[in-house]
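> So the protein sequences, as listed, match chains C and W. Each residue of the first sequence is one higher than the one before, counting from 4 in the working numbering. Each residue of the second sequence is one higher than the one before, counting from 672 in the working numbering. Just so it is clear, CB atoms sit at the ideal spot from N, CA and C, and this is done for glycine as well.
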Amino acid sequence: MTHPLVAMRARPHPASAPSAVATLAWRAMLKIKHVPFQLFDVTVMPIMFTLLFTYIFGGALAGSPREYIQYLLPGVLVQTIIFITVYTGMGLNTDIHKGLYDRFRSLPMWQPAPLLGALAGDLFRYSVASALILIMGLILGFRPQGGAVGVLLAVVLVMVFCFALSWCWIIIGMLVRTPESVMTTSFVFLMPLTFASNIFVDLKTMPGWLQEVVGRNPVTHLANASRGLMHGQPVGAEVAWVLAASAVVVIAASPVAMRMYRKER
Amino acid sequence: MTDAIETHGLAKRFGDTRALDGVDLRIRQGSVFGLLGPNGAGKTTTIRILATLLRPDAGTAMVLGHDVVRDARKVREKVSLTGQYASVDEDLTGHENLVLMGRLLGLSWRGAGARATELLEAFGLADAAGRQVQTYSGGMRRRIDIAASLVAIPEILFLDEPTTGLDPRSRSQVWELVRRIAAEGTTVLLTTQYLDEADRLAERLAVIDHGRVIAEGTSRDLKASVGSSALHLRLASADQRARAQELVSRVLGEAILPGSDPMSVTARLASPAQAAAVLAALTEDRVELAEFSVGNPSLDEVFFALTGRATETENSEGKP
Ligand SMILES: Nc1ncnc2c1ncn2[C@@H]1O[C@H](COP(=O)(O)OP(=O)(O)OP(=O)(O)O)[C@@H](O)[C@H]1O
Ligand SMILES: [Mg+2]
């Protein structure tokens, strides 16, 4: 240790809000690079789901696996990305308990930057997972009638919804003690939300009372919208419903999350 | 010049625990100030309030003339905190962590990269620059953690127990760093449970216990409060301790300082000359000594004298 510590007597002007968010998103990418298992984790499951459902239930549910995957794949994409949102809360929880957020909070930067940076990194993760699922789908015979544009719009819509949903897990991430409890708590909500939906099975095949419940599930709306977009069917109403629901969640949850974030621990 | 730190009646409670119960501190700029206290004394709470991470329940705290509650952002622009527990991203490499800090502080990518390299060199971490922090040893983590607080040199650096859990070599490396940081003109406020650390590094120190400052001054001032010098006896056998204590008390009056080591006796001396009388009395009574010395009282003894009990350092480690 012989070098001078100085060189920078005057402190630079702190990063602007967008530059802070971009830097923290870069950090999220680095984490993916160093811990690629994070991605492995979230892509193996959907691949398994798709294979199992397509070949085991495909015949019974839709006549043939090839017909079924046209129905299933947009839904599996929805489910996968929704499951990945839990990592937002887990990552935040880890950072808080490792003291990293204390360091961030003691910096003169725009306070929401760490949260938004993490969310931006998540969007990247969502994109990678979406691409993997779509490639696998194409290999298995998925042929979206809406073309590339339809698929892209569907992916963007899923991301908008998941961005909104992430704010809920951020709140949970700050409430509970360990990353594992973030996971279990979130899945208490996510399991019914994704399975009591029309991701795997068409609403029309369900008994009337169940149709009532499943029909009101936001995930059903999202699955309908993404299926419609991918296959080039008119689903404007469903898309609008999903966008509105996402906006409501962001407007309700993000101020709560920010207040909790600023609050001392 | 405005004071680096000035607090009045700082109070903070967590549920039923009074973590701080009226802390008054005044710290000049350009010095190393030590905050000394046992576990649970309120050191971390004080530092977290000063670094704007906690709000006090009562009292005021000014950092470089800015109120920590009302002008939090101004304070953040001028201070850096290295907390008690490492606060870098363990998944990232040392270099990446420092670039992250540099970018957040407003450096360009290139500037942040250069600064990171420079700091890693200065902290003896150049070889580990490209390794994930989770592979670092305790001493390396501590250094990268302190480096992360120096990416832009702050006007005040808070160091919360910078050497707890480090081996003697890493400790002296951190001490050396603190001295150099202070030599650059940064005010350092460090907390410690190690009395010798405060003695070595800090020009002034405050002793804090149960959320109150119970003594403040230079280490010399504090030592003076327990007597000008101290007599240390090490006995050849523990059996003779009672006898030795009795003789010392007879010569010096009520001067024995409490201590738990069965082989030694420590006493306050009004003047070093009294030592001769004690030695004569002990020799006459055939109390065998392994060691006989006169010196400054240690800060341990200061703590005894101030609180009537030993510092509680047993459970200093192992908190998450
Ligand atoms: N977040 C918290 N919730 C509840 N109690 C707390 C909290 N933070 C601190 N305390 C309590 O406040 C008191 C002072 O704690 P503080 O961490 O400031 O002590 P310290 O001097 O830093 O101790 P140590 O040497 O163990 O780090 C302790 O009794 C502690 O248990
Ligand atoms: Mg502490």
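#1: Just the C-alpha distance for Val-238 (chain C) and Gly-153 (chain C), rounded to the nearest angstrom, thanks.
#2: Short of 9 Å Cβ to Cβ, which residues in the segment 701-735 of chain W face chain C?
#3: Relative to the C-alpha of Asp-762 (chain W), which residue among W:Gly-801, W:Gly-736 and W:Arg-741 is closest?
#4: Please determine whether the Cβ atom of Thr-688 (chain W) lies at a distance below 7 Å from any heavy atom of ligand 1.
#5: Just the C-alpha distance for Val-191 (chain C) and Ser-257 (chain C), rounded to the nearest angstrom, thanks.
#6: Looking only at C-alpha atoms, which of C:Met-233, C:Met-194, C:Asp-98 and C:Gln-236 sits nearest to Val-222 (chain C)?
#7: Which runs of the alpha helix (DSSP H) at least 4 residues long sit entirely within the segment 861-915 of chain W? Give them in chain order.
#8: Quick one: grab the DSSP three-state call for Asp-269 (chain C).
#9: Alpha helix (DSSP H) containing Ala-23 (chain C): first to last residue?
#10: Would you kindly work out how many angstroms separate the C-alpha atoms of Met-811 (chain W) and Leu-796 (chain W), rounded to a whole number?
#11: Residues in the segment 103-136 of chain C with C-beta within 7 Å of chain D's C-beta atoms, listed in sequence order?
#12: If distances are taken between C-alpha atoms only, which option among W:Ala-675, W:Gln-700 and W:Thr-717 comes closest to Asp-636 (chain W)?
#13: Hey, is Phe-685 (chain W) close to ligand 1, as in C-beta under 7 Å from one of its heavy atoms?
#14: Candidates C:Gln-82, C:Tyr-58 and C:Met-263: which alpha carbon is nearest Val-158 (chain C)'s?
#15: Just checking my contact of Leu-775 (chain W) with Ala-23 (chain C) at CB under 8 Å: how many whole Å lie between their CB atoms?
#16: Would you call the segment 804-819 of chain W and the segment 764-779 of chain W in contact, with 3 or more CB pairs under 8 Å?
#17: Using only Cβ atoms and a threshold of 7 Å, which residues come within that distance of a heavy atom of ligand 2? Order them by chain position.
#18: In the segment 746-759 of chain W, which residues sit with their C-beta less than 8 Å from some C-beta in chain C, listed in chain order?
#19: Flag this pair as touching only if the segment 94-105 of chain C and the segment 244-255 of chain C have three or more C-beta atom pairs under 8 Å; answer yes or no.
#20: Just verifying my parser: in three-state terms, what is the DSSP assignment at Gln-148 (chain C)?
#21: So is His-224 (chain C) in contact with chain W if we call contact Cβ pairs under 8 Å?
#22: Indicate, with yes or no, if ligand 1 has a heavy atom lying under 7 Å from the CB of Gln-864 (chain W).
#23: Along chain W, in chain order, which residues have C-beta atoms closer than 7 Å to that of Thr-26 (chain C)?
#24: I'd like to know if Lys-101 (chain C) contacts chain W, where contact means its C-beta is closer than 8 Å to some C-beta of that chain.
#25: Just confirm the distance between the C-beta atoms of Leu-861 (chain W) and Val-878 (chain W), as a whole number of angstroms; I'd bet it's less than 8 Å.
#26: Using C-beta distances below 7 Å, list every residue in its chain close to Ala-823 (chain W), excluding the 5 sequence neighbours before and after it, in chain order.
#27: Helix or strand or just coil, what does DSSP make of Ser-189 (chain C)?
#28: Measure from the alpha carbon of Gly-708 (chain W) to the alpha carbon of each residue in W:His-903, W:Thr-863 and W:Lys-749, then state which is nearest.
#29: Helix, strand or coil for Phe-794 (chain W) per DSSP?
#30: As a quick exercise: from W:Ala-712, W:Ile-676 and W:Arg-699, pick the residue whose alpha carbon is nearest that of Thr-688 (chain W).
#31: Are three or more beta carbon pairs between the segment 963-977 of chain W and the segment 893-907 of chain W nearer than 8 Å?
#32: Beta-carbon of Ala-947 (chain W) versus every beta-carbon of chain C: anything under 8 Å?
#33: For Val-161 (chain C) and Tyr-264 (chain C), I'd like the C-alpha separation in whole angstroms.
#34: Per DSSP, what kind of secondary structure is Thr-91 (chain C) in: helix, strand or coil?
#35: Check Leu-828 (chain W) in the structure and name its three-state DSSP category.
#36: Report the neighbours of Gln-803 (chain W) on chain C: residues whose CB is nearer than 8 Å to its CB, in chain order.
So, from the listed chains and residues:
#1: One-based indexing of the first sequence puts residue 238 (chain C) at position 235. One-based indexing of the first sequence puts residue 153 (chain C) at position 150. Approximately 11 Å between the Cα atoms of the pair.
#2: Arg-719, Ala-722, Thr-723, Leu-724, Leu-725 and Arg-726
#3: Reading the second sequence from its first residue, position 91 is the one you call residue 762 (chain W). When each option's Cα is compared against that of Asp-762 (chain W), the closest is W:Gly-801.
#4: The residue labelled residue 688 (chain W) in the question sits at position 17 within the second sequence. Yes, the Cβ of Thr-688 (chain W) comes within 7 Å of a heavy atom of ligand 1.
#5: Here residue 191 (chain C) is taken as the residue at index 188 of the first sequence, counted from 1. Here residue 257 (chain C) is taken as the residue at index 254 of the first sequence, counted from 1. Taking the straight line joining both Cα atoms gives about 21 Å.
#6: In the first sequence, the residue the question calls residue 222 (chain C) occupies position 219. The option with the nearest alpha carbon to Val-222 (chain C) is C:Met-194.
#7: 866-872 and 890-895
#8: Lying before the first or after the last residue shown, residue 269 (chain C) is absent from chain C, which here runs from 4 to 268.
#9: If you number the first sequence from 1, residue 23 (chain C) lands on position 20. Ala-23 (chain C) -> alpha helix (DSSP H) spans 20-37.
#10: The residue given as residue 811 (chain W) occupies position 140 in the second sequence. The residue given as residue 796 (chain W) occupies position 125 in the second sequence. Their Cα atoms are separated by approximately 7 Å.
#11: No chain D appears in this structure, whose protein chains are C and W.
#12: Absent from the model: residue 636 (chain W). The displayed extent of chain W is 672 to 991, so no value can be given.
#13: Numbered from its first residue, the second sequence carries residue 685 (chain W) at position 14. It does: the Cβ of Phe-685 (chain W) is within 7 Å (strictly closer) of some heavy atom of ligand 1.
#14: The residue labelled residue 158 (chain C) in the question sits at position 155 within the first sequence. Minimum Cα distance to Val-158 (chain C) is reached at C:Gln-82.
#15: Locating residue 775 (chain W) in the second sequence gives position 104, where the first residue counts as 1. Locating residue 23 (chain C) in the first sequence gives position 20, where the first residue counts as 1. At roughly 6 Å, the Cβ-Cβ gap stays under 8 Å, so Leu-775 (chain W) and Ala-23 (chain C) are in contact.
#16: yes
#17: W:Lys-714, W:Thr-715, W:Gln-755, W:Asp-831, W:Glu-832 and W:Thr-862
#18: Arg-747, Glu-748, Lys-749, Val-750, Ser-751, Leu-752, Gly-754, Tyr-756, Ala-757, Ser-758 and Val-759
#19: no
#20: Counting from 1 along the first sequence, the entry for residue 148 (chain C) is found at position 145. Three-state DSSP puts Gln-148 (chain C) in coil, outside helix and strand.
#21: For the purposes of this step, residue 224 (chain C) is identified with residue 221 of the first sequence, where counting begins at 1. No, His-224 (chain C) lies away from the interface with chain W (no Cβ there is under 8 Å from its Cβ).
#22: On the second sequence, residue 864 (chain W) is found 193 positions in, with the first residue counted as 1. Yes, since a heavy atom of ligand 1 falls inside the 7 Å radius drawn around the Cβ of Gln-864 (chain W).
#23: Within the first sequence, numbered from 1, the residue matching residue 26 (chain C) stands at position 23. In chain order: Leu-771, Arg-774 and Leu-775.
#24: Taking the first sequence and counting its residues from 1, one reaches residue 101 (chain C) at position 98. So, interface residue.
#25: Taking the first residue of the second sequence as position 1, residue 861 (chain W) is located at position 190. Taking the first residue of the second sequence as position 1, residue 878 (chain W) is located at position 207. The pair is not a contact, with the Cβ atoms about 14 Å apart (cut-off 8 Å).
#26: As a working mapping, residue 823 (chain W) is identified with position 152 in the second sequence. Excluding residues within five positions, the ones whose Cβ falls inside 7 Å are Leu-776.
#27: Position 186 of the first sequence, counting from 1, holds the residue named residue 189 (chain C). The answer is helix: DSSP assigns Ser-189 (chain C) an H, G or I state.
#28: Position 37 of the second sequence, counted from the start, is the residue given in the question as residue 708 (chain W). The option with the nearest alpha carbon to Gly-708 (chain W) is W:Thr-863.
#29: Counting from one through the second sequence, the residue named residue 794 (chain W) turns up at place 123. DSSP places Phe-794 (chain W) in coil when its eight states are reduced to three.
#30: By one-based count along the second sequence, residue 688 (chain W) stands at place 17. Selected option, being the one with the closest Cα: W:Ala-712.
#31: yes
#32: By 1-based counting over the second sequence, the position of residue 947 (chain W) is 276. Not closer than 8 Å to any Cβ of chain C, the Cβ of Ala-947 (chain W) fails to qualify, so no.
#33: For the purposes of this step, residue 161 (chain C) is taken as residue 158 along the first sequence, with counting starting at 1. For the purposes of this step, residue 264 (chain C) is taken as residue 261 along the first sequence, with counting starting at 1. Roughly 26 Å between the two C-alpha positions.
#34: Taking the first sequence and counting its residues from 1, one reaches residue 91 (chain C) at position 88. DSSP places Thr-91 (chain C) in helix when its eight states are reduced to three.
#35: In the second sequence, residue 828 (chain W) corresponds to position 157, counting from 1. Strand, per DSSP.
#36: Within the second sequence, residue 803 (chain W) is the residue found at index 132, counting from 1. Ordered by position in chain C, the residues that pass the 8 Å Cβ test against Gln-803 (chain W) are His-37.
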